[in-house]
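The structure appears below as structure tokens.
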Amino acid sequence: MKNLIVLIVILVQLCSCGNSGSNENKAEATPAEVVTKSVSFKYPNDGAKLSSPLVIEMEVEGMEIEPAGEVIEGKGHHHLIIDGSFIEKGAVVPANETHIHYGLGQTKAEISLEPGKHSLTLQFADGVHVSYGEGMSATLEIEIVNQ
Numbered sequence: 060m061k062n063l064i065v066l067i068v069i070l071v072q073l074c075s076c077g078n079s080g081s082n083e084n085k086a087e088a089t090p091a092e093v094v095t096k097s098v099s100f101k102y103p104n105d106g107a108k109l110s111s112p113l114v115i116e117m118e119v120e121g122m123e124i125e126p127a128g129e130v131i132e133g134k135g136h137h138h139l140i141i142d143g144s145f146i147e148k149g150a151v152v153p154a155n156e157t158h159i160h161y162g163l164g165q166t167k168a169e170i171s172l173e174p175g176k177h178s179l180t181l182q183f184a185d186g187v188h189v190s191y192g193e194g195m196s197a198t199l200e201i202e203i204v205n206q
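This is how it looks when you write it as structure tokens:
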């Protein structure tokens, strides 16, 4: 009988270790810090009236800029889409006169545009130009008033 009581006491202690109900361990169980990931234009501003050529400045938050070549999680580089929309997540960003790659890791560039209204979409993609999708894109409208 004495052995049975000792066994019950040990089992009760073992079972209650993870469920003490105290607040001692709650500080350790805080959720991981949420990282906001986004891209944006530092310059120009949406609705700007500019002359061509113009300088664009690109920013990224929550990811790291690196040159094209290797796919490393959380890293990539900018692409500029002129008069077009974001590239779906998982699709490769085309390379042509309206899809400009900044595969050296550039955050500032000079572009030339014809007079008129234009949309500029910034798209962040990985080391082999695979898009991170709409969540890692930003679009603004500008007008080129002279050349």
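Here the sequence shown stands for residues 60 to 206, numbered as in our numbering.
Glycine included, each C-beta is placed from N, C-alpha and C at the ideal position.
Based on Cα-Cα distance, which residue from the options lies nearest to residue i?
i: F183; options: V94, S99 and P112; result: S99
i: I203; options: S144, F145, A168 and G106; result: G106
i: I201; options: V93, D142, D185 and K134; result: D142
i: L181; options: S111, E132 and V119; result: V119
i: H188; options: A154, Q165, H177 and G175; result: A154
i: A168; options: K96, S111, E193 and V94; result: S111
i: G164; options: L109, T157, G186 and G194; result: G186
i: M195; options: G175, K134 and N104; result: K134
According to DSSP, simplified to helix, strand and coil, what is residue i?
i: E169; result: strand
i: G28; result: As shown, the chain starts at 60 and ends at 206. That puts residue 28 outside it, with no answer to give.
i: E156; result: coil
Under the assumption that residue i contacts residue j (Cβ atoms under 8 Å), give the Cβ distance between them as a whole number of angstroms.
i: L199; j: L179; result: 6 Å
i: H136; j: A150; result: So it is not a contact: roughly 16 Å between Cβ atoms.
i: H160; j: H177; result: Rounded, the Cβ-Cβ distance is 18 Å, inconsistent with contact.
i: T157; j: I140; result: 6 Å
For residue i, count the other beta carbons within 10 Å of its own beta carbon; 16 or more makes it buried, fewer makes it exposed. Which is it?
i: Y102; result: exposed
Check the Cβ-Cβ distances between residue i and every residue of chain B, and say whether any is below 7 Å.
i: L199; result: As a matter of chain content, chain B is missing from the structure shown, which is built from one protein chain.
Report yes or no: do the segment 109–127 and the segment 146–157 share at least 3 C-beta pairs separated by less than 8 Å? no
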